[in-house]
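Here's the structure we're looking at; comments come further down.
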Amino acid sequence: MRRLRISSMPTTLLLVAALVLQGVPSVVSAGEANELGTPNPEYLAQKAELEKMLSDRDEDLYELNFQVIDFDEVLLKDRLGHEHVYNYLTFRLRNEITDVTRPKIAKPSRYNEVLKTIADQYEFAKKSDDGGGKLAVDTSDGKDGVILERQDLKPRTRSVNITVIAYDEHGTRLHLLDEPVGSGTQETYNFPDYGEVSRDDVFKRVREEVEEKADRRLHTVDEIRTMKLPPYDAAKTDEEGVAEGEVYGVVLFNRLSLYGDSFTIEVRGLSNKFRVRSSAQAGLIDAKEVKKGEVENYLASRVMRRVYVLHYTRPGDEFYRNLDRFTLEKAGWEWVNTFQRIRERKNVAYARYFLNNITDEKDVRQPDVEKAFWEYYAKVRTEEYPKAEDKLPDLEKTLQQRATDK
Numbered sequence: 012m013r014r015l016r017i018s019s020m021p022t023t024l025l026l027v028a029a030l031v032l033q034g035v036p037s038v039v040s041a042g043e044a045n046e047l048g049t050p051n052p053e054y055l056a057q058k059a060e061l062e063k064m065l066s067d068r069d070e071d072l073y074e075l076n077f078q079v080i081d082f083d084e085v086l087l088k089d090r091l092g093h094e095h096v097y098n099y100l101t102f103r104l105r106n107e108i109t110d111v112t113r114p115k116i117a118k119p120s121r122y123n124e125v126l127k128t129i130a131d132q133y134e135f136a137k138k139s140d141d142g143g144g145k146l147a148v149d150t151s152d153g154k155d156g157v158i159l160e161r162q163d164l165k166p167r168t169r170s171v172n173i174t175v176i177a178y179d180e181h182g183t184r185l186h187l188l189d190e191p192v193g194s195g196t197q198e199t200y201n202f203p204d205y206g207e208v209s210r211d212d213v214f215k216r217v218r219e220e221v222e223e224k225a226d227r228r229l230h231t232v233d234e235i236r237t238m239k240l241p242p243y244d245a246a247k248t249d250e251e252g253v254a255e256g257e258v259y260g261v262v263l264f265n266r267l268s269l270y271g272d273s274f275t276i277e278v279r280g281l282s283n284k285f286r287v288r289s290s291a292q293a294g295l296i297d298a299k300e301v302k303k304g305e306v307e308n309y310l311a312s313r314v315m316r317r318v319y320v321l322h323y324t325r326p327g328d329e330f331y332r333n334l335d336r337f338t339l340e341k342a343g344w345e346w347v348n349t350f351q352r353i354r355e356r357k358n359v360a361y362a363r364y365f366l367n368n369i370t371d372e373k374d375v376r377q378p379d380v381e382k383a384f385w386e387y388y389a390k391v392r393t394e395e396y397p398k399a400e401d402k403l404p405d406l407e408k409t410l411q412q413r414a415t416d417k
């Protein structure tokens, strides 16, 4: 079963189209060859672009090492003498196996027990802790003999797209009018109740002030997005003492709410893991398990993302907030429900359906499913995304026209 990541609809459907096109060599050979019998260059370029979209996507699971350094506020005065308060979060990011995962490798676990059992039963099988634990065999032709390996614990050069939001305990949903209190249907709505939200931003003067307090260079999340982080190596450092595969960063916010006592900070983009919970798993409505050949119940499904979450408390009232300090109560990985619009959830559910049913158990293509895909593809282009024709070209019509011309 192929793993489909949540993304924008044009990209998702183009990826499915690329997979479909990969499996139609007969049509390509009949309709995409010129008089000399060589493939049409225009078609090959279009097909290569779609295949590149597949190869460029990072399908390996990962989870980076994130360590908080400080969470505080700074005060700056403008030219008129007015004071402005900003909150900041400094951190250290390493492209390595996370600290919360490493003990699982050193200590016995179900995964390692299975590897050890297989290695004990077969002399040619060898267990290694490299890359988070793998099972390999020696091969006579010198090829890779890895049988099983945990890709989510194997670091490699990566680009990290970090986004951060912060919010307090005061949401926007009313609970006091329920009888009993909190018994209403507000929590079933498929969007998180953040209330007053603060998102990371870039303030040059604030950043410089924080760097003075931290006594080191700090990169914003925008700068980190442009970096290529190699695997962490403590033995290799630069002139500032920063190790290879390591970066120190800062997240800047406008002043958080004066009335909040508990703050939650979600650091997204440190892991690409996610779970799709069905309606029954989410406890929303009674639903049957999705059977092969059926589209999942996307209306009641939930997409849970792996997010590094920080929980801070700041006791006191709204007066003299500069005297109240933030205290970190809990930090770690959590599965967080993320908002997905119904139209996007529908399209992703259908894309997953086409990927899982385009071939049967014997890897034989199913013409009915392929026909249904092209019909759905055409409907999305003309009705749901009429302005996205440049991103969603009419690939089926192109193939049919070239076959007719031939």
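Be aware that the sequence shown starts at 12, since it is given in our numbering, and climbs by one per residue.
Heads up, the beta-carbon is just placed ideally off N, CA and C, and yes, glycines get one too.
Cβ distance (whole Å) where residue i is taken to contact residue j below 8 angstroms
i      : j      : result
Tyr99  : Asp83  : 7 angstroms
Tyr97  : Val85  : 6 angstroms
Glu255 : Tyr243 : 7 angstroms
Val232 : Val208 : No, Val232 and Val208 are not in contact; Cβ-Cβ is about 16 angstroms, not under 8 angstroms.
Tyr319 : Leu281 : 5 angstroms
Val359 : Asn368 : About 15 angstroms; that fails the 8 angstroms criterion.
Lys239 : Ser170 : 6 angstroms
Phe314 : Thr349 : Per the sequence shown, residue 314 should be read as Val rather than Phe. Yes, they are in contact, since the Cβ atoms of Val314 and Thr349 sit about 5 angstroms apart, within 8 angstroms.
Ser268 : Asp328 : Not confirmed; about 12 angstroms, so no contact.
Outcome for residue i when other beta-carbon atoms lying within 10 angstroms are tallied against a minimum of 16
i      : result
Thr258 : In the sequence as presented, Thr is not what sits at residue 258; that position holds Val. Answer is buried; the Cβ neighbour count reaches 16.
Tyr9   : As shown, the chain starts at 12 and ends at 417. That puts residue 9 outside it, with no answer to give.
Thr338 : exposed
Thr101 : buried
Ala245 : exposed
Ser194 : exposed
Leu185 : exposed
Leu126 : buried
Phe202 : exposed
Tyr73  : buried
Glu307 : buried
Arg266 : exposed
Gly92  : exposed
Leu321 : buried
Arg121 : exposed
Tyr133 : exposed
Arg167 : exposed
Arg376 : exposed
Gln412 : exposed
Test: residue i CB closer than 8 angstroms to a CB of chain D
i      : result
Ala342 : In the displayed structure, chain D is absent; only one protein chain is listed.
Which residues DSSP lists as bridging residue i, in chain order
i      : result
Ser282 : Glu74
Arg105 : Asn76, Glu257
Tyr99  : Asp83, Leu263
Glu277 : Ile176, Val320
Val157 : Ala147
Val221 : In the DSSP output, where bridge partners are listed per residue, Val221 has none listed.
Val287 : Val314
Lys138 : Leu146
Arg210 : Ile176
Thr409 : In DSSP, Thr409 forms no bridge with anything.
Lys88  : Glu94
Thr370 : Arg376
Residue j beta carbon less than 8 angstroms from that of residue i
i      : j      : result
Ile158 : Val278 : no
Arg354 : Glu305 : no
Leu75  : Leu55  : no
Asn123 : Pro241 : no
Ser312 : Arg352 : no
Phe77  : Ala177 : no
Leu229 : Val221 : yes
Tyr205 : Gly182 : yes
Phe274 : Arg316 : no
Ala130 : Val148 : no
Asp272 : Arg325 : yes
Asp211 : Val175 : yes
Tyr440 : Tyr387 : A question about residue 440 goes unanswered here, because the residues of the chain that appear run from 12 up to 417.
Leu403 : Arg392 : yes
Glu160 : Lys145 : yes
Glu372 : Ala389 : no
Gly260 : Ile276 : no
Can you list the beta strand (DSSP E) stretches of 3 or more residues lying completely in the region 302-358, in chain order?
313-324, 338-349
Along the chain, which unbroken stretches of the alpha helix (DSSP H) at least 4 residues long are found entirely within the region 226-267?
Counting only runs of 4 or more, we get 232-236.
At which residue ranges does the region 169-208 contain complete beta strand (DSSP E) runs of 3 or more residues, listed in the order of the chain?
174-179
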